[in-house]
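Q: Please read through the structure below; I'll follow up with questions.
2 protein chains.
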Amino acid sequence: MKDFTALRAVHQLQDLAKRPYDLTSDNALTVQRLETFKTSMCGFDLLYATQRVDENILKALQELADEAGLVEALAAMQTGAVLNRIEGYASEDRQVLHTACRDIFTESPMAGDASAKAQRELAKLQSFLDELADGTVVNQAGQPFSTMVQVGIGGSDLGPRAICLALKAYSLPGRSAQFIANVDPDDAAEVLQELDLSTTLFNIVSKSGTTLETLTNEQLIRDSLIKAGLDPAHHVLAVTGEGSPMDDPSRYLRSFYMEDYIGGRYSATSMVGVVTLGFVLGFAAVMEFLKGAHEVDRAALQPAVRSNIPLLLALLGIWNHNFLGYPTVAILPYSQALSRFPAHLQQCDMESNGKSVTRQGREVAWKTGPVVWGEPGTNGQHAFYQLIHQGTEVVPVEFIGFRQSRYGVDVMIEGTSSQQKLVANMLAQSLALAMGKDDENPARRFQGNRPNSVLLADRLTPRSMGSLLAMYEHKIAFQGFCWHINSFDQEGVQLGKVLAQQLLSILTQPDNQYGEEVLGKQMLRIAGLY
Amino acid sequence: MKDFTALRAVHQLQDLAKRPYDLTSDNALTVQRLETFKTSMCGFDLLYATQRVDENILKALQELADEAGLVEALAAMQTGAVLNRIEGYASEDRQVLHTACRDIFTESPMAGDASAKAQRELAKLQSFLDELADGTVVNQAGQPFSTMVQVGIGGSDLGPRAICLALKAYSLPGRSAQFIANVDPDDAAEVLQELDLSTTLFNIVSKSGTTLETLTNEQLIRDSLIKAGLDPAHHVLAVTGEGSPMDDPSRYLRSFYMEDYIGGRYSATSMVGVVTLGFVLGFAAVMEFLKGAHEVDRAALQPAVRSNIPLLLALLGIWNHNFLGYPTVAILPYSQALSRFPAHLQQCDMESNGKSVTRQGREVAWKTGPVVWGEPGTNGQHAFYQLIHQGTEVVPVEFIGFRQSRYGVDVMIEGTSSQQKLVANMLAQSLALAMGKDDENPARRFQGNRPNSVLLADRLTPRSMGSLLAMYEHKIAFQGFCWHINSFDQEGVQLGKVLAQQLLSILTQPDNQYGEEVLGKQMLRIAGLY
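Written as structure tokens, this is what we have:
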């Protein structure tokens, strides 16, 4: 693989970026353009006529994909290549095999051993869920468990939380999920005070088994259980790496394993994500979710950019970020159910691609990952859309929507349903951002040329949720391959951890005063904490 | 007021920006610097030694504040100047008087009529809350009401929701709040299915009384109440403008008014915010909240930049955005209770300052509002902080923290409490971002010089919440004054609304096919909606 700026297609695109497609000119948006710049995959349509691209630019983006070997790299990832590494330097040196968690539907998985391990954990989950359903596993008073609280942070929280929330409409009767993440003691306090502990299971999730926040919250929970006269070993589950400090079945009702080749931010389809999901929705829904993801894993290996939604999303993102120079991207789902999905993608994208060195450890001379942010529409229309339409910062937008609601509870007003209003608003925003509008009142002018695309499916279900998740995972991976960075490590979180430990050791040993800790000590004093 | 680029101080700052303070050099961060670059106001400390400023830059920022007349403009706002206008063009032409809602603690309010109106509505709220407490107002079965569901969107949702969530720890026994905002029918369906309608009040909030989303959800709620055999007029409240289409007391249990000089995004201290807050926390807490805001309103009129936190936050933001060129700002509260506060500030800031024309309707030749985003720490440390530390986009950060938790439920592990771990992590991140760290492994290098500040108070209470809110409202207003834009209109939301109406009219009259609607019709067809 080559450095980004060493690619021929990059130079071609720099040239094309001097005259990006003008969406505001007369007849820029024709019916033919709407039809041509549309593609479909695994139940999703992507409408991208409102991006600042034309046939030449798309051709150059295809050349970029080919020259950088993006699809080959994703295939290598899925077959178990050691992609989580920096050549010549100490690094995690691992495979990247989250796709194996869902490569369980064919006779010939791309990474057989990893898929076999995933199958083994899924079988354990299935029997556990069966035992909960048939009354074999009940609380000490013989009652069924009604709530599962997932305790994890980062990748052990954001994806699983976003997906459980998204699919809440499909919950089994009497089952629900809660989440605790923050080391802030108010987080656990607020969740715990509203629970009946006696019918609650706690699912403690930490790959390393050493995550400060998670272990702290686990302790707080075990204390609460004991105080309520309950046996923690009967209420607490573990999802962790085999052999981690948390891998101690005597302390947990059940233990599920995750492998070190599954990064936290890519772990939503591993046990990290599917234990709580299975508790709430049942095992069949978990399998649908995995199936949706798996279908996209395979479809994402299609080399034609215009038939491959994650690849196209990746390249349109690179066009907007590296060539048109826009520093952020907003992900705006027109679905309240997806209200936390942008937060998951923010983590998955920014932790993967917020890097400054290449796979060979050289400093990059080009932009890598953008700032990713977003909130659901139509809410955002009454909030930050003002800046998106008329501000001095141009924000590329990725809309996500569904033709039907999950619950089917709706009301007709002025001849249209709420769901129709929701989707019509999304499409209207897409057109408004692209086309803009002139006005003799300068405060009512809209510049237009604000690039955006619309990703649309029939309905948010376990299966389409799985597909949507995998599309974004691969969009992010494709971009990382193209920028020639390691999207699978997270060295940037270390320094803050080390400094926090130093400050905490000053708090426990305030008389110690030496070396670089002096500044931290003064910081604590000046902040009024010591 | 002058254009931003016509200010002498701006040219001086452009010059100073060629050599911003280098936080990574040896001894850049001394104890003396930590102590000097700290200020206090209304119970909050601001630590800003980790910004890229020195004495000269701060002096130039003071000159900018003076030359642009920022404090004078805020005083004019608070006394009722017509600041919501564009000279020479049609505009809202209104006063901006959200501060009057809390200017109720002295004999001489700055805008007497507006404060008298606020007092009148507060008195109505107080008697209503008394009647709920003493059993005068009960449901048709004689039971007390336990839940209030606020139905509103944008400013009628984000601020009130963020603040209710922040102060949940102080709820009256048996009282809670829920929120419905989105036109997505799944939003209302999910909230309604978990409620006992018979003991629920619905607080419908729309200043204009014409907000599509809110009226649609009100209809859905009235249908549900009737279906449950309940009388909507006994369960539904209104907060709206006097004389709006919703101002019809026969249809509502109670009606509270808001004035047209209070913008939606600045309405959290008006009836828009305090009715639900008062239901959950009681009237005394509402008064504390207003008091905290009022104290900051007055303190923000202090002209010395280094003694005025909102002014200093505004100018540091301008330094980072206009002079150092950073397009976004992250607001990262180390408090799970403030988990939705960044979303409120995102609206308040981006809708206020995402503008491209001056107060005289000329196109700006400088950057206005940044993209504002954020999530609570420590959660974010396990997510997007990777990019903040090591990405190619530099993100200025505003940390917010508290020395004590709200609930006081905590656990000691390795000699420190969770609350200590929380605050130590925040301070450690502040230092790490500023100082960076070299390493022989390039993937473990931290560039540093990532500007940030820490805003710190003892505890999140109704009073400190009010102060925090007002600090950010005035930060935003000061920046808008400095950029010479109208921070109080929102013309940018109109185009999308108009186009959405066009698309909806196509859906109800599909045979109509003329003029510019053709494109919308084809968009609907291609999206599979027609």
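Chains as they are written, first to last, in the numbering used here: chain P, 11 to 540; chain H, 11 to 540. Note that beta-carbon positions come from the ideal geometry of N, C-alpha and C, so glycine has one too.
#1: If Leu298(P) and Pro170(P) are in contact, beta carbons under 8 Å, what's the gap, nearest whole angstrom?
#2: Tell me where the beta strand (DSSP E) around Ser265(P) begins and ends.
#3: Which residue or residues does DSSP assign as beta-bridge partners of Tyr344(P)?
#4: So, with DSSP's three-state summary, where would you put Leu321(H)?
#5: For Phe333(H) and Val20(H), I'd like the C-alpha separation in whole angstroms.
#6: Does the beta-carbon distance from Leu577(H) to Phe498(H) come in below 8 Å?
#7: Taking only three categories from DSSP, how would you classify Phe299(H)?
#8: Please name the residue, chosen from Thr34(H), Asn227(H), Ile96(H), Thr210(H), that lies closest to Ser428(P) on a Cα-to-Cα basis.
#9: Using DSSP with H/G/I as helix, E/B as strand and the rest coil, what is Ile423(P)?
#10: Could you pull the start and end residues of the alpha helix (DSSP H) that Val81(H) belongs to?
#11: Determine, for Asn94(H), whether the minimum Cβ-Cβ distance to residues of chain P falls below 8 Å.
#12: Measuring CB to CB, does Gln105(H) end up less than 8 Å from Gly90(H)?
#13: Suppose the cutoff is 6 Å on Cβ atoms and the five residues either side in sequence are ignored; what does the same chain contact list for Ala191(H) look like?
#14: Over what stretch of residues does the alpha helix (DSSP H) that includes Ala198(P) continue unbroken?
#15: Identify each residue in the stretch 355 to 366 of chain P for which the Cβ-Cβ distance to at least one residue of chain H is less than 7 Å, and report them in chain order.
#16: Return the CA-CA distance between Leu348(P) and Ala85(H), expressed in angstroms with no decimal places.
#17: Ala187(P) and Phe289(P) - do their beta-carbons sit closer together than 8 Å?
#18: So what does Trp383(H) bridge to, in DSSP terms?
#19: From Asn462(H) to Lys377(P), what distance separates their C-alpha atoms?
#20: Classify Ser440(P): buried if its beta carbon has 16 or more other beta carbons within 10 angstroms, exposed otherwise.
#21: By the 8 Å beta-carbon criterion, what residues does the stretch 486 to 500 of chain P contribute toward chain H?
#22: Among Ala238(P), Thr209(P), Gln160(P), Leu323(P), which one has its Cα closest to the Cα of Ala248(P)?
#23: Listing by chain order, which chain P residues have their CB less than 9 Å from the CB of Arg350(H)?
#24: Could you tell me which of Gln88(P), Leu514(P), Gln504(P), Arg264(P) sits nearest to His392(H), measuring between CA atoms?
#25: Give the DSSP bridge partners of Gly251(P), in chain order.
#26: Write down every uninterrupted run of the alpha helix (DSSP H) in the stretch 163 to 243 of chain H whose length is 4 residues or greater and which is fully enclosed by it, in chain order.
#27: Is Lys10(P) close to chain H? Criterion is C-beta to C-beta, closer than 8 Å.
#28: What whole-angstrom Cβ distance do Val246(P) and Glu223(P) have, given they're in contact under 8 Å?
#29: Please confirm whether Leu517(P) and Arg413(H) have their CB atoms less than 8 Å apart.
#30: For Asp55(H), which residues in the same chain have their Cβ closer than 7 Å to its Cβ, ignoring the five residues on either side in sequence?
#31: Verify the CB distance criterion: does Asn192(P) have a CB-CB separation below 8 Å to chain H?
#32: Taking only the alpha-carbon atoms, compute the straight-line gap between Leu211(H) and Met158(H) and give it to the nearest angstrom.
#33: Count the other CB atoms within 10 Å of the CB of Thr40(P); is the residue buried (16 or more) or exposed (fewer)?
#34: Would DSSP call Arg95(P) helix, strand or coil?
#35: Check the Cβ-Cβ distances between Ser280(H) and every residue of chain P, and say whether any is below 8 Å.
#36: Can you find a CB in chain H that lies within less than 8 Å of the CB of Trp383(P)?
A: Put simply:
#1: It is worth fixing the name first, because residue 298(P) is Glu in this sequence and not Leu. About 16 Å separates the Cβ atoms of Glu298(P) and Pro170(P), ruling out a contact at the 8 Å cut-off.
#2: Unbroken beta strand (DSSP E) run through Ser265(P): 265 to 268.
#3: Answer is Gly411(P).
#4: Three-state DSSP puts Leu321(H) in a helix.
#5: Taking the straight line joining both Cα atoms gives about 9 Å.
#6: Given a span of 11 to 540 for chain H in the structure shown, any question on residue 577(H) remains unanswerable.
#7: Three-state result, Phe299(H): helix.
#8: Taking only the C-alpha atoms, the option nearest Ser428(P) is Asn227(H).
#9: DSSP places Ile423(P) in strand when its eight states are reduced to three.
#10: Unbroken alpha helix (DSSP H) run through Val81(H): 80 to 88.
#11: So no, Asn94(H) is outside the interface.
#12: Yes, the Cβ-Cβ distance between Gln105(H) and Gly90(H) is below 8 Å.
#13: Ile163, Asp167, listed in sequence order.
#14: Unbroken alpha helix (DSSP H) run through Ala198(P): 195 to 202.
#15: Going along the stretch 355 to 366 of chain P in chain order, one finds Gln356, Gln357, Met360, Glu361, Gly364, Lys365, Ser366 with a Cβ nearer than 7 Å to chain H.
#16: In a straight line, the C-alpha of Leu348(P) is about 42 Å away from that of Ala85(H).
#17: Yes, these two residues count as a Cβ contact at 8 Å.
#18: In the DSSP assignment, the residues bridged to Trp383(H) are Ala340(H).
#19: The alpha-carbon atoms of Asn462(H) and Lys377(P) are separated by roughly 22 Å.
#20: Classification for Ser440(P): buried.
#21: Those would be Asn496, Asp499, Gln500, in chain order.
#22: Closest option to Ala248(P), Cα to Cα, is Gln160(P).
#23: Neighbours of Arg350(H) on chain P: none; closest Cβ ~10 Å, over 9 Å.
#24: Among Gln88(P), Leu514(P), Gln504(P), Arg264(P), the Cα nearest to that of His392(H) is on Gln504(P).
#25: DSSP, once it has assigned bridges, lists Met268(P) as partnering Gly251(P).
#26: Counting only runs of 4 or more, we get 168 to 176, 195 to 202, 222 to 237.
#27: The shown model of chain P, from 11 to 540, leaves out residue 10(P), and the question about it has no answer.
#28: In this structure, Val246(P) and Glu223(P) do not form a Cβ contact; the two beta carbons are roughly 16 Å apart against a cut-off of 8 Å.
#29: If you check the CB distance, Leu517(P) and Arg413(H) do not come in under 8 Å.
#30: The answer, listed in chain order, is Lys48, Leu466.
#31: Taking Cβ atoms only, chain H reaches closer than 8 Å to Asn192(P), which makes this a yes.
#32: If I take the Cα positions, the gap works out to 5 Å.
#33: Exposed, because fewer than 16 other Cβ atoms sit within 10 Å of the Cβ of Thr40(P).
#34: Of the three classes helix, strand and coil, the one that applies to Arg95(P) here is coil, per DSSP.
#35: No, Ser280(H) does not count as interfacial toward chain P.
#36: Yes - at least one Cβ of chain H is within 8 Å of the one on Trp383(P).
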